[in-house]
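Numbering (this note's numbering), first residue to last: 208 to 382. Just so you know, even glycine gets a beta-carbon here, dropped at the ideal spot from N, CA and C.
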């Protein structure tokens, strides 16, 4: 009986992932009014959340001013380079969500579109790995070791909003 629910659970996870991913894409495209537009255009905080995280990381790693400026230049260049890949991923996810919710798509069409999403995600993952390698090349051996330690610590933290592969136990195991 539990085997019958696995495809449904997988489809639910894919649908949830595309729904959450599309919310972030809508925020990036400016299609929805942002907080600054709703509050009269005034920001309460300076800078973006990501910038604060980068500043904190730079402080923890003990980056020099030159390393900070080179890291910032790398981030900006990679952001510009990755924008088309990110847009392609969001487009593929939207198309998958449309297929899933259309009610008329067959399994083969959904699987084909899910494969396109996976390919776009893999393409973006490769680009992120290249960016990470470029950043590691800026660091001293001690800083690189500290950075890897920070990454491992971050990966070991529980997810904030949960995920399809959370560690609460596999309830689909057969006994």
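Go ahead and pull the three-state DSSP assignment for residue i.
i	result
residue 312	coil
residue 263	helix
residue 291	helix
residue 233	At residue 233 the pLDDT is 46, less than 50, meaning the model places this residue with poor confidence and gives no usable figure here.
residue 348	helix
residue 271	coil
residue 335	helix
residue 367	coil
Suppose you measure from the CA of residue i to the CA of residue j; what does that come to, to the nearest Å?
i	j	result
residue 271	residue 264	12 angstroms
residue 345	residue 287	20 angstroms
residue 337	residue 315	33 angstroms
residue 293	residue 331	7 angstroms
residue 319	residue 289	24 angstroms
residue 301	residue 366	24 angstroms
residue 362	residue 339	15 angstroms
residue 310	residue 257	39 angstroms
residue 364	residue 356	13 angstroms
residue 360	residue 347	20 angstroms
residue 266	residue 313	52 angstroms
residue 291	residue 259	25 angstroms
residue 325	residue 349	35 angstroms
Does the beta-carbon distance from residue i to residue j come in below 8 angstroms?
i	j	result
residue 352	residue 343	no
residue 354	residue 268	yes
residue 299	residue 323	yes
residue 358	residue 281	no
residue 303	residue 321	yes
Comparing the CB of residue i with every heavy atom of the ligand MN, is any distance shorter than 7 angstroms?
i	result
residue 303	Only the bare structure without any ligand can be found here, which leaves the ligand MN out of the picture.
Below 6 angstroms CB to CB, which residues in the same chain sit around residue i once its five sequence neighbours on both sides are set aside?
i	result
residue 317	306
residue 274	345
residue 329	none
residue 327	295, 296 and 299
Can you name, in chain order, every residue of its own chain whose Cβ lies under 8 angstroms from the Cβ of residue i, other than the five neighbours on each side?
i	result
residue 279	261
Going by beta carbon distance, what residues of the same chain come within less than 7 angstroms of residue i, once the five residues before and after it are set aside?
i	result
residue 277	345
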